[in-house]
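Here's the structure, in structure tokens; my notes come after.
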Amino acid sequence: MYGLNGRKLLLTGGATGIGRRIATRLAEEGCDIGIVDMNVVEAEATADLVEKAGCRCTVYQANVGDYDAVSGAVQAFLRDHGHIDVLANNAGVISLGKVEDVSVEEWRRVFNVNVEGVFYFCKAAVPHLRTRKAGRIVNTASWYGKIGKPHYSAYCASKFAVIGLTQSLAMELAPLGINVNAVCPGTIVETGMRDEADKRSIQEGVPTAKQREAQIPIGRVGLPEDIARAVAFLASDEAAYMTGQAINVTGGLWMH
Ligand SMILES: NC(=O)c1ccc[n+]([C@@H]2O[C@H](COP(=O)([O-])OP(=O)(O)OC[C@H]3O[C@@H](n4cnc5c(N)ncnc54)[C@H](O)[C@@H]3O)[C@@H](O)[C@H]2O)c1
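Structure, rendered in structure tokens:
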């Protein structure tokens, strides 16, 4: 356990997959949570799990790629919970296709959610964190934010951007004791994105998660739980001397 009892977590993309497990893992730690997601039905199901663990959970239906909606969700969370201890920017979308086949609209969709979504939440929440001179931000990037891969140009470029934003903001906020880090998942199964990526991988003729499992040094694909544990650590005082880091949680698939 990481001493997070009573902390207030604002989490994006908490309806399914990694985000749902971040919510339940931090609820096990005793955090009250606000979930921002488009998928309100699954977000409410996550909220039920959080409440079963004895914590408060509120759901805000919003598109992270819409600044007015993001700003409204942050204000609603502050009204409901009082303050933000941890902002976890986890919502994201995947896209596959060779560069010449990616439409301009598709490229913009990926950047709107994966990059602008993180920027918008930081922009809306940082003034509050500055006033309190406290807080943690944990962004979900990817090991694809550290190396380009064929058929993943939009996704890779968006996750490189998340790491760049993480580093810049970390330097801006470090003097205030506010830490900003990213977690970089490897091949994580049992998520909506993985199902979508596997379907598209078959169409594109690139390997699926299971087909890549043999390349993972630890010998298995990852689970949402593996990422949630790292987020809990980065959200805690145990990570007080870490900022601007992009932590790989890949089973050894990537080591830089
Ligand atoms: N699964 C993997 O292998 C893997 C690997 C590396 C990084 N990631 C990252 O992990 C994060 C979570 O993905 P996941 O694998 O759990 O997939 P997922 O599809 O299960 O979760 C994504 C969540 O984001 C929400 N979301 C998507 N677009 C949104 C929008 N515009 N506004 C609000 N909410 C939105 C979805 O409703 C969902 O709840 C993503 O940032 C993803 O890029 C996943």
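Counting in our numbering, the sequence shown runs from 118 upward without gaps.
Virtual Cβ for every residue (Gly too), placed ideally from N, Cα, C.
Computed from a predicted model, the values in this text were never measured in an experiment.
- For T129, the enclosing beta strand (DSSP E) covers residues 125 to 129.
- Inclusion of E159 and N122 in the CB contact set at 8 Å is not warranted, their separation being larger than that value.
- Ligand 1 has a heavy atom closer than 7 Å to the beta-carbon of V181.
- If you draw a 10 Å sphere on the C-beta of S220, you find fewer than 16 other C-beta atoms in it, and that means exposed.
- When DSSP states are grouped into helix, strand and coil, R173 belongs to the coil group.
- Taking all protein chains in view, the Cβ of Y358 is surrounded by fewer than 16 other Cβ atoms within 10 Å, so the residue is classified as exposed.
- Residue pairing by DSSP places P302 opposite V366 in a beta bridge.
- Per DSSP, the continuous beta strand (DSSP E) segment holding V203 begins and ends at 203 to 206.
- Between the segment 325 to 332 and the segment 289 to 300 there are fewer than three inter-stretch CB-CB distances shorter than 8 Å, so the stretches are not counted as touching.
- As the crow flies, the alpha-carbon of W224 is around 30 Å from that of T163.
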